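Asker: The structure follows.
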Amino acid sequence: MPKCTRNACGQEYEDATNDSMACQYHPGKPEFHEGLKGWTCCKPRVHSFDEFMDIKGCQLGKHSSEPKHKDDPFKADLTKYDDVLPSNAEDSAGTNTPASTSVPAAAVAAPEPEPEPIDEDPAGISVPVGTQCKRNGCSATYASEEESHQNGQCQFHPGKALFHEGNKGWTCCKPRATEFDEFLRIKGCTSGRHLFVGTQPDKKAQTEKCRRDFYQSGSSVIVSIYAKKINRDVSRIEFTSTALKVHLVYADGKEYDDEIELFAEIDPSASSFEFLSTKAEVTLVKAASAQWPALEGSS
Numbered sequence: 006m007p008k009c010t011r012n013a014c015g016q017e018y019e020d021a022t023n024d025s026m027a028c029q030y031h032p033g034k035p036e037f038h039e040g041l042k043g044w045t046c047c048k049p050r051v052h053s054f055d056e057f058m059d060i061k062g063c064q065l066g067k068h069s070s071e072p073k074h075k076d077d078p079f080k081a082d083l084t085k086y087d088d089v090l091p092s093n094a095e096d097s098a099g100t101n102t103p104a105s106t107s108v109p110a111a112a113v114a115a116p117e118p119e120p121e122p123i124d125e126d127p128a129g130i131s132v133p134v135g136t137q138c139k140r141n142g143c144s145a146t147y148a149s150e151e152e153s154h155q156n157g158q159c160q161f162h163p164g165k166a167l168f169h170e171g172n173k174g175w176t177c178c179k180p181r182a183t184e185f186d187e188f189l190r191i192k193g194c195t196s197g198r199h200l201f202v203g204t205q206p207d208k209k210a211q212t213e214k215c216r217r218d219f220y221q222s223g224s225s226v227i228v229s230i231y232a233k234k235i236n237r238d239v240s241r242i243e244f245t246s247t248a249l250k251v252h253l254v255y256a257d258g259k260e261y262d263d264e265i266e267l268f269a270e271i272d273p274s275a276s277s278f279e280f281l282s283t284k285a286e287v288t289l290v291k292a293a294s295a296q297w298p299a300l301e302g303s304s
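Here you go:
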């Protein structure tokens, strides 16, 4: 079956059922600005890359399998972004360092932090057919234990998305791209088994429950945390001078917890919140009258 190439879709589809309501996608382009991520075609803005990838399409239409670069579907040559020079490339290129020259201890680079452990599906776990692999850079879906749960079948990125000075890539490998579509096509640098369930808590499951947005005036920041059917008796929001702690409990017993490190200090005693029918609205009173370029700090 063909696979839809529209932004935020990626589903396989059949021509017989491909009607004008089949695809929910973003007709615009990715937009990353001052720590916020979203699409030019709609308003939602989020902070993390996983949340950005989960923003649902804002337009309905037919699925399409046409390449995004119609003139040349292989326009993106990702090898041009590879840093293939070895660590001693300067010496091998002719920039010789005298053997007697010693490097001060302070100049030696600190060792890289240990990589996070790679999660795996527990042995014998039941996986519904059609479940999508959770690993970065992989979009495979589960078919059967033999076809989808063997070692070496998944090509993925164990690191995190990295956007810096216009370049996009992954913390686990060297290729960098300038266009978002090219970034999505950077092949995984690690092979292993697909991850359909995992043993670690699913962070996406929490962030999917509540989307947040904010606007500000000279003296305050208004934060909207979108959530329906909040149990007001047991839900709570707490303030410190530098953080906002959110604990929401839904009518069905599910919970949402978040701790937001704020961009600047607030006055906790003057700040307040209110639970409305579709959201929790939080008023943060600024300690100093200055514009906040983002809700969260860079720490």
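Take 6 as the starting number for the sequence shown in my numbering and just add one per residue.
Note that the Cβ used here is the ideal one computed from N, Cα and C, for glycine as well.
Just so it is clear, the structure is predicted and the values come from calculations on it, not from any experiment.
1. Is the number of C-beta pairs between the stretch 232-245 and the stretch 173-182 that are closer than 8 angstroms three or more?
2. Judging by CA-CA distance, which residue of Ser70, Gly164, Ile242 is the nearest neighbour of Thr195?
3. Name the two residues that bound the continuous beta strand (DSSP E) containing Leu289.
4. With 16 other CB atoms within 10 Å as the buried threshold, where does Ile130 fall?
5. Helix or strand or just coil, what does DSSP make of Leu41?
6. Do the stretch 27-41 and the stretch 59-68 touch if we need at least three Cβ pairs shorter than 8 angstroms?
7. Could you check how far apart the C-beta atoms of Gln160 and Gly135 are, in whole angstroms? I think they sit under 8 angstroms.
8. Can you tell me where the alpha helix (DSSP H) with Asp55 in it begins and where it stops?
9. Excluding the five sequence neighbours on either side, which residues of its own chain have a C-beta within less than 7 angstroms of the C-beta of Asp272, listed in chain order?
10. Give me the Cα-Cα distance between Glu19 and Met6, rounded to the nearest whole angstrom.
11. Please classify Leu300: does DSSP put it in a helix, a strand, or coil?
12. So the candidates are Ala285, Glu301, His38, Leu167; which of them puts its Cα closest to the Cα of Val254?
13. Taking all protein chains shown into account, do 16 or more other C-beta atoms lie within 10 angstroms of the C-beta of Ile227, making it buried, or fewer, making it exposed?
14. When the Cβ atoms of the stretch 213-222 are set against those of the stretch 45-56, are three or more pairs found closer than 8 angstroms?
15. By DSSP, does Asp96 sit in helix, in strand, or in coil?
16. Closer than 6 angstroms by C-beta to Glu260: which residues in its own chain qualify, once you throw out the five before and the five after it? Chain order, please.
Answerer: According to the data block:
1. no
2. By one-based count along the sequence shown, residue 195 stands at place 190. For Thr195, the nearest C-alpha among the options comes from Gly164.
3. The residue you call residue 289 lines up with position 284 of the sequence shown. Start and end: 284-290.
4. Position 125 of the sequence shown, counted from the start, is the residue given in the question as residue 130. Ile130 is exposed by the Cβ-count criterion.
5. Here residue 41 corresponds to residue number 36 of the sequence shown, with the count starting at 1. Three-state result, Leu41: strand.
6. Taking a cut-off of 8 angstroms for Cβ pairs, the stretch 27-41 and the stretch 59-68 touch, as three or more such pairs fall below it.
7. As a working mapping, residue 160 is identified with position 155 in the sequence shown. As a working mapping, residue 135 is identified with position 130 in the sequence shown. The Cβ separation is near 20 angstroms, so there is no contact.
8. Stepping through the sequence shown from its first residue, residue 55 is reached at position 50. 54-58 is the extent of the alpha helix (DSSP H) around Asp55.
9. One-based indexing of the sequence shown puts residue 272 at position 267. These residues qualify, in order along the chain: Val290, Ala292.
10. For the purposes of this step, residue 19 is taken as the residue at position 14 of the sequence shown. For the purposes of this step, residue 6 is taken as the residue at position 1 of the sequence shown. Going from the Cα of Glu19 to the Cα of Met6 covers about 6 angstroms.
11. On the sequence shown, position 295 is the one that residue 300 refers to. The answer is coil: DSSP assigns Leu300 none of H, G, I, E or B.
12. In the sequence shown, counting from the first residue as 1, residue 254 sits at position 249. For the residues Ala285, Glu301, His38, Leu167, the minimum Cα distance to Val254 belongs to Ala285.
13. Locating residue 227 in the sequence shown gives position 222, where the first residue counts as 1. Counting the other Cβ atoms within 10 Å of the Cβ of Ile227 gives fewer than 16, which makes it exposed.
14. yes
15. In the sequence shown, residue 96 corresponds to position 91, counting from 1. Low local confidence applies: a pLDDT of 36 at Asp96 is under 50, so the model's placement there is unreliable, with the coordinate-based value given in what follows. Note: Asp96 maps to helix in three-state DSSP.
16. Taking the first residue of the sequence shown as 1, we reach residue 260 at position 255. Excluding sequence neighbours, Glu260 sits near Val254.
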